[in-house]
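Enquirer: Heads up: the sequence shown begins at 926 in my numbering, then just goes up one per residue. Positions of the beta carbon are idealized from the N, C-alpha and C atoms, including for glycine. Here the structure is a predicted model, which means the values were calculated and not measured. Structure in structure tokens, see below.
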Amino acid sequence: MKFNQASKGKHQVVNYEGAPAYRLSPEWNLYTSVVTSSLSDKFYETASERLEVLLDLIRKNDPPFIARLAIYAREQMNLRSIPLVLAVELAKVHSGDDLVCKIASRIIQRADEITELLAYYQLANERKDAKKLNRLSKQLQAGLQNAFNKFDEYQFAKYNRDSEIKLRDALFLIHPKAKDDEQQLIFNKIVENQLQTPYTWETELSALGQNLFETEEAKKEAFKQKWEELIDSGKVGYMALLRNLRNILEAEVSGQHIQRVCETLSAKEKVLQSKQLPFRFLAAYRELSQISSGHASKIMNALEDAVKVTAENIAGFDESTRVLVACDVSGSMQRAISPKSKVQNYDIGLILGMLLKSRCSNVVSGIFGDTWKIVNLPDSGVLSNVDAFYKREGEVGYSTNGHLVVEDLLNRKKVMDKIMIFTDCQLWNSRGDETYLKDVWKKYKTIAPEAKLYLFDLSGYGNVPLDIAGDNVHLIAGWSDKIFDILQAIDNGSDALTEIKAIEI
926 MKFNQASKGK
936 HQVVNYEGAP
946 AYRLSPEWNL
956 YTSVVTSSLS
966 DKFYETASER
976 LEVLLDLIRK
986 NDPPFIARLA
996 IYAREQMNLR
1006 SIPLVLAVEL
1016 AKVHSGDDLV
1026 CKIASRIIQR
1036 ADEITELLAY
1046 YQLANERKDA
1056 KKLNRLSKQL
1066 QAGLQNAFNK
1076 FDEYQFAKYN
1086 RDSEIKLRDA
1096 LFLIHPKAKD
1106 DEQQLIFNKI
1116 VENQLQTPYT
1126 WETELSALGQ
1136 NLFETEEAKK
1146 EAFKQKWEEL
1156 IDSGKVGYMA
1166 LLRNLRNILE
1176 AEVSGQHIQR
1186 VCETLSAKEK
1196 VLQSKQLPFR
1206 FLAAYRELSQ
1216 ISSGHASKIM
1226 NALEDAVKVT
1236 AENIAGFDES
1246 TRVLVACDVS
1256 GSMQRAISPK
1266 SKVQNYDIGL
1276 ILGMLLKSRC
1286 SNVVSGIFGD
1296 TWKIVNLPDS
1306 GVLSNVDAFY
1316 KREGEVGYST
1326 NGHLVVEDLL
1336 NRKKVMDKIM
1346 IFTDCQLWNS
1356 RGDETYLKDV
1366 WKKYKTIAPE
1376 AKLYLFDLSG
1386 YGNVPLDIAG
1396 DNVHLIAGWS
1406 DKIFDILQAI
1416 DNGSDALTEI
1426 KAIEI
């Protein structure tokens, strides 16, 4: 049986560049949109437009699939905001059982996600009066009641922020039932605003910043000692550590403490537990490359070790497997994934491509824009290879001539087993000769009938340059290293949608 039941004829459309493309089914479209969404502006769409697209797709999909996709986005892709949106919107279109309750309680994994869900609920229902959160969905309320019992005092206090919707507001609205006397005492503290101030790097540095120091040297020494204390405490979370590497170096902590930071960053169990998206390591790596510190290189090496951990489970590539990794570096890929981020889709494609390259023994890699260029790099570093690619993007121009990747193989009569293209899928032909990837792939299959083409969709615009219903063409989407789990599923005759639908609720 075929899993990729997709498009013939009526699904043929044109993409944002006016090139022939295939419209994805509502399920495929929602999947790619969800796992590539930060709800911020993209090259071809604004954040508000993206949200409207999501809402329309939710209306076109079955509730059980939406529910499983929300779980997949939170538990596999490690996304936070978009699963909350799916839960709230699911509550609008589905009732009669406890599906919404189960999803809401499952996807909430941090205490502040309770208030974030309510904030989106308020926005989605256009509540603007004094009672912005009245008439809360009963199933959402039940799910939030369950979520309240997941957290201890430290977790509540850590995320008890002075936002529009506070934990105290949520408690009054949801009326959770305490699981025991200890939990009831915590709820009472939330009501009375008496949660014990948590020991975190933020609270400790904030308190220190309130002090008056006689000299700048005294202040610098105090912050150095505080950072050393925080590092020794082991209570600086992994994400916080990544974000504060510059601050730690600028505080000039001891070499012994730098070593502890490196050990924490590269420890396999801590990397896996942190569930960081790969581009977080890249952002930290680039930040360090601009710092004048004798310890920066040591931490950069630790980041290389850390990001390699995320690639350890990539399977399906033995020494005989011939692989090509092609990264789209066109103009549409060079847009930040969120307003506050320096990371672009361009970066995500490169780092996922280099992660994959690091696990392959027989691999050719390169970049494409106006032209396609093979770039051979050593296997020693993932992050350093990303930056090496990044510095060469102008060499191929800024169009999206993805067909040249396969055309080069065809012209050289070079047979590959797996061709991996990391792109926003808005491929076209800037040369005006009406040759597109779908045409070249059909010809290539005559010399490499067993070859598989994998499109890694990094933007989720709802269309792809080839029909994914056959000819060994496969679609995978997302920004997480977990997308590589789908590769093994494909080798076993499955695909991304089938894996999502197999999730137990």
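At what residues does the alpha helix (DSSP H) containing M1345 begin and finish?
Expert: Where M1345 is concerned, there is no enclosing alpha helix (DSSP H), although the beta strand (DSSP E) it sits in stretches over K1343 to T1348.
Enquirer: On the premise that V1331 lies in contact with W1366, defined as a C-beta separation below 8 Å, what is that separation, rounded to the nearest angstrom?
Expert: Yes, they are in contact, since the Cβ atoms of W1366 and V1331 sit about 6 Å apart, within 8 Å.
Enquirer: Please classify A1209 as buried or exposed, where buried requires at least 16 other C-beta atoms within 10 Å of its C-beta.
Expert: Buried, because 16 or more other Cβ atoms sit within 10 Å of the Cβ of A1209.
Enquirer: Please report the residue range of the alpha helix (DSSP H) in which P1374 lies.
Expert: No alpha helix (DSSP H) holds P1374; DSSP gives it neither H nor E.
Enquirer: Do I1115 and L1170 have their C-beta atoms closer together than 8 Å?
Expert: No.
Enquirer: Can you tell me whether DSSP reads H1182 as helix, strand or coil?
Expert: Note: H1182 maps to helix in three-state DSSP.
Enquirer: Mind checking who N1354 pairs with in its DSSP beta bridge?
Expert: Its beta-bridge partners do not exist; DSSP assigns none.
Enquirer: Should D1420 be labelled buried (16 or more other beta-carbon atoms within 10 Å of its own) or exposed?
Expert: Counting Cβ neighbours within 10 Å, D1420 comes out buried, since at least 16 surround it.
Enquirer: Report yes if the CB atom of A1414 is closer than 8 Å to the CB atom of E1424, and no otherwise.
Expert: Cβ atoms of A1414 and E1424: closer than 8 Å.
Enquirer: Please state the DSSP three-state secondary structure of S1263.
Expert: Coil.
Enquirer: Quick one: measure Cβ to Cβ for V1307 and S1286, integer angstroms, because I've assumed they're closer than 8 Å.
Expert: About 16 Å; that fails the 8 Å criterion.
Enquirer: Using three-state DSSP, classify D1295 as helix, strand or coil.
Expert: Of the three classes helix, strand and coil, the one that applies to D1295 here is coil, per DSSP.
Enquirer: Helix, strand or coil for R1031 per DSSP?
Expert: It is helical.
Enquirer: Go ahead and pull the three-state DSSP assignment for Q1198.
Expert: Helix.
Enquirer: Taking C-beta to C-beta, are I983 and I996 nearer than 8 Å?
Expert: No, these two residues do not count as a Cβ contact at 8 Å.
Enquirer: Between the Cα of E1320 and those of P1374, G1294 and S1214, spot the shortest distance and give me the residue it belongs to.
Expert: Checking every option, the nearest Cα to that of E1320 belongs to G1294.
Enquirer: May I have the straight-line CA-CA distance separating M1164 from L1190, to the nearest angstrom?
Expert: Taking the straight line joining both Cα atoms gives about 10 Å.
Enquirer: Compute the beta-carbon to beta-carbon distance between T1296 and L1334, rounded to the nearest angstrom, for a pair I have assumed lies under 8 Å.
Expert: 15 Å between Cβ atoms; not a contact.
Enquirer: In whole angstroms, give me the CA-to-CA distance for L1197 and S1266.
Expert: Their Cα atoms are separated by approximately 23 Å.
Enquirer: At a Cβ threshold of 8 Å, is V1018 touching chain B?
Expert: This model lacks chain B altogether; it includes just one protein chain.
Enquirer: Between Y1084, N1336, E1129 and P1008, which has its C-alpha nearest N1118's C-alpha?
Expert: When each option's Cα is compared against that of N1118, the closest is Y1084.
Enquirer: Would you list the one or two residues that DSSP bridges to R1247?
Expert: Looking at the DSSP assignment, R1247 forms a beta bridge with N1287.
Enquirer: Check each candidate in Y1124, Q1001 and G1395 and name the one with the smallest Cα separation from W1404.
Expert: When only C-alpha atoms are compared, the closest one is Q1001.
Enquirer: Let me confirm a value: G934 is counted as buried when at least 16 other C-beta atoms fall within 10 Å, else exposed. Which label applies?
Expert: With a pLDDT of 43 at G934, under the threshold of 50, the modelled position of this residue cannot be trusted, and the question is left open.
Enquirer: Within a Cβ cutoff of 6 Å, which residues of the same chain sit near K1104, ignoring the five residues on either side of it in sequence?
Expert: Once the five neighbours on either side are set aside, the close Cβ partners of K1104 are N1074.
Enquirer: DSSP three-state call for V1254: helix, strand or coil?
Expert: Three-state result, V1254: coil.
Enquirer: Where does the unbroken beta strand (DSSP E) through Q937 begin, and where does it stop?
Expert: Q937 to V939 is the span of the beta strand (DSSP E), which, as asked, contains Q937.
Enquirer: If I measure Cβ to Cβ from N940 and keep anything under 8 Å in the same chain, skipping five residues before and after, which residues do I get?
Expert: Closer than 8 Å at Cβ, skipping near neighbours: A946, C1350, Q1351, L1352, W1353, Y1386, N1388 and P1390.
Enquirer: Distance, Cα to Cα, V1018 vs Q1108?
Expert: About 33 Å.
Enquirer: Just the C-alpha distance for E1014 and H936, rounded to the nearest angstrom, thanks.
Expert: E1014 and H936: Cα-Cα distance of roughly 27 Å.
Enquirer: My guess is that E1038 and L1009 are in contact by the Cβ rule of under 8 Å, so how many angstroms apart are they, rounded?
Expert: Confirmed, about 6 Å.
Enquirer: Considering only residues of the same chain and omitting the five flanking positions on each side of A1402, which have a CB-CB separation below 8 Å?
Expert: Y956, T957, V960, T961, F1381, D1382, L1383, G1385, I1408 and A1421.
Enquirer: Tell me the rounded alpha-carbon separation between M1279 and A944.
Expert: Using only the alpha carbons, I get a separation of about 28 Å.
Enquirer: Quick one, are the C-beta atoms of R1317 and V1300 less than 8 Å apart?
Expert: Against a cut-off of 8 Å, the Cβ pair of V1300 and R1317 comes out as a contact.
Enquirer: Where do the N-terminal and C-terminal ends of the beta strand (DSSP E) with A946 fall, by residue?
Expert: It spans P945 to R948 - the beta strand (DSSP E) in which A946 sits, taken as one unbroken run.
Enquirer: For K1259 and D1312, what's the separation of their Cα atoms in angstroms?
Expert: Checking the sequence shown, residue 1259 turns out to be Gln, not Lys. When rounded, the distance between both Cα atoms is 14 Å.
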